[in-house]
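Please read the structure below before turning to the comments.
Protein chains: 2
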Amino acid sequence: MYVNSLESLRTSVERFVALDEEEWKQFSMNWIPFSFDKGETVTRIDQVEPYFYHVNKGLMRGYFDADGTEYNIGFSYDGDYSGIYDSFVTRKPSDWTLETLEPTYGLKIGYDQFEALFDLNPKFERWARKFYQSALIGLGLFIRGLLADTAEEKYRKLIARSPHVIQRIPQKHLASYLGMSPETYSRLRAKIRD
Amino acid sequence: MYVNSLESLRTSVERFVALDEEEWKQFSMNWIPFSFDKGETVTRIDQVEPYFYHVNKGLMRGYFDADGTEYNIGFSYDGDYSGIYDSFVTRKPSDWTLETLEPTYGLKIGYDQFEALFDLNPKFERWARKFYQSALIGLGLFIRGLLADTAEEKYRKLIARSPHVIQRIPQKHLASYLGMSPETYSRLRAKIRD
DNA sequence: AAAGCTACTTGATATAGATCAAGTTCAGTC
DNA sequence: GACTGAACTTGATCTATATCAAGTAGCTTT
Numbered sequence: 026m027y028v029n030s031l032e033s034l035r036t037s038v039e040r041f042v043a044l045d046e047e048e049w050k051q052f053s054m055n056w057i058p059f060s061f062d063k064g065e066t067v068t069r070i071d072q073v074e075p076y077f078y079h080v081n082k083g084l085m086r087g088y089f090d091a092d093g094t095e096y097n098i099g100f101s102y103d104g105d106y107s108g109i110y111d112s113f114v115t116r117k118p119s120d121w122t123l124e125t126l127e128p129t130y131g132l133k134i135g136y137d138q139f140e141a142l143f144d145l146n147p148k149f150e151r152w153a154r155k156f157y158q159s160a161l162i163g164l165g166l167f168i169r170g171l172l173a174d175t176a177e178e179k180y181r182k183l184i185a186r187s188p189h190v191i192q193r194i195p196q197k198h199l200a201s202y203l204g205m206s207p208e209t210y211s212r213l214r215a216k217i218r219d
Numbered sequence: 026m027y028v029n030s031l032e033s034l035r036t037s038v039e040r041f042v043a044l045d046e047e048e049w050k051q052f053s054m055n056w057i058p059f060s061f062d063k064g065e066t067v068t069r070i071d072q073v074e075p076y077f078y079h080v081n082k083g084l085m086r087g088y089f090d091a092d093g094t095e096y097n098i099g100f101s102y103d104g105d106y107s108g109i110y111d112s113f114v115t116r117k118p119s120d121w122t123l124e125t126l127e128p129t130y131g132l133k134i135g136y137d138q139f140e141a142l143f144d145l146n147p148k149f150e151r152w153a154r155k156f157y158q159s160a161l162i163g164l165g166l167f168i169r170g171l172l173a174d175t176a177e178e179k180y181r182k183l184i185a186r187s188p189h190v191i192q193r194i195p196q197k198h199l200a201s202y203l204g205m206s207p208e209t210y211s212r213l214r215a216k217i218r219d
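Taken in sequence, the protein lines are chains Y and W. Counting from 26, one number per residue, gives the positions in the first sequence under our numbering. Counting from 26, one number per residue, gives the positions in the second sequence under our numbering.
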């Protein structure tokens, strides 16, 4: 994919702010490579999220467990940011788990280094503001679908919106992401195949 | 409440960043007072949200309408920020409506003036970053409840968390906020009164 | 390539909560 | 301060989706 793993992060960052070479050097200085096998737990419940991630290639899911049932809040893949943001921001133990669904590698940055970025250059804080803005918009759309859509509408919108990604994610996790049981998901799939 | 309406905004802003007098003067310069009666539509569907609001006193709800059913995503009251954030950020017409449930007044700032703040002083961008962070955390909690809690659990958590505010909000809007019908809300109320 | 898991499928049944319906109470208006 | 429409309550019924169950297909590991 990317020979130099920094390029993937740079592409993502420059979606929000343009940086010259000197700025990029400063920005990228404290990010460190990470790599996980498939099925590894990256951040576990009761842990304080130490890192903010950028996924170069791979796939992760964020979920929480309530009485043995898992609820996925979202997935991060090639070119996405990732992490347990509420714990990262509040420095309080997490209710959430971050786990890989594929071998996943990319770059991560620790909390103190992340915060230090913002004192180096206001552009970096602008990047973060825009990142949080976009994350907020994403969750707003997600909530809208959860509240107003029937199971069938949710399923139809998902395949319209993300035809490729859903090939890579086990159905039970997609079902959980859409707020329905795996059986319901499977039945919708059969119904809509026609 | 506040004799000088700027003081309410300042209290909110300084929750995230401390400002000296000069900085505060710069920050507050372009905010303008607003005032609405009860039941007024502040931002309507298909409008591009022109303002970012700070509610000094009063109560607003944000909702969207799907086939005649309204879904509340949240409320803003005394000391809260408010607005249709996705439209404000993307400059695209809104699917959402912002409406007052009480006479509401405070301060607002236009999009260009809001963005201009961030070029004046990096502290102002830090304030915005932290605001979006906190909004993101709030929506995460909201989603968690929607996905995993039963109607009764949602109701119990609401009265535990917001005993005072719920006195001010009509039940049908609280029901919609919790993702249940007004009848279910009413029945839970009767059940838990015991 | 057989064994053993886990993921999916499909059918039968159960249920939380929605919808429909008919009062009742309450708040705003003249 | 009676009138009117909206908000709430309570009961009866309905339904979308969950849960339970049993079988099948598809990976993984040796």
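Note that the Cβ used here is the ideal one computed from N, Cα and C, for glycine as well.
- Excluding five sequence positions before and after Ile184 of chain W, the CB atoms of its chain that fall closer than 7 Å to its own CB belong to Ile191, given in chain order.
- Taking the CA atoms as reference points, Arg151 of chain W sits about 17 Å from Tyr110 of chain Y.
- At a Cβ-Cβ threshold of 9 Å, Gln158 of chain W and Tyr157 of chain Y count as neighbours.
- Taking C-beta atoms under 8 Å as the contact rule, Asp103 of chain W and Lys82 of chain W qualify, at a distance of about 5 Å.
- When the alpha-carbon of Tyr96 of chain W is set against those of W:Phe149, W:Leu166, W:Pro207, the nearest one is in W:Pro207.
- The continuous beta strand (DSSP E) containing Lys133 of chain Y extends over residues 129-135.
- By a beta-carbon distance limit of 8 Å, Lys216 of chain W does not contact Glu127 of chain W. Their separation comes to about 28 Å.
- Lys117 of chain Y sits in coil when the DSSP states are folded into three classes, being neither helix nor strand.
- By the 16-neighbour rule on beta-carbons within 10 angstroms, Ala160 of chain Y is buried.
- When 7 Å is used as the limit between beta carbons, Gly135 of chain Y is near no residue of chain W, the shortest such separation being about 17 Å.
- Contact of Gln158 of chain Y with chain W is assigned, a C-beta pair being separated by under 9 Å.
- Interface residue (Cβ-Cβ distance to chain W less than 9 Å): Ile194 of chain Y is not classified as such.
- For Phe167 of chain W, the neighbours in chain Y by C-beta distance under 7 Å run, in chain order, Ile168.
- Take the alpha-carbon of Leu213 of chain W and the one of Tyr136 of chain W: they are about 42 Å apart.
- With distances taken between CA atoms, Ile70 of chain Y lies nearest to Y:Thr122 out of Y:Lys50, Y:Thr36, Y:Thr122.
- Contact between the region 161-168 of chain Y and the region 160-171 of chain W is present, with at least three C-beta pairs closer than 8 Å.
- DSSP places Gly108 of chain W outside any alpha helix (DSSP H), giving it a letter other than H or E.
- Under the criterion of beta carbons closer than 8 Å, Glu48 of chain Y and Asn146 of chain Y qualify as touching, at roughly 6 Å.
- In this structure, W:Phe61 is the residue among W:Phe61, W:Thr175, W:Phe149, W:Arg193 with its C-alpha nearest to the C-alpha of Glu124 of chain W.
- Near chain W, meaning a CB-to-CB distance below 9 Å, the residues of the region 184-214 of chain Y are Ser201, Gly204.
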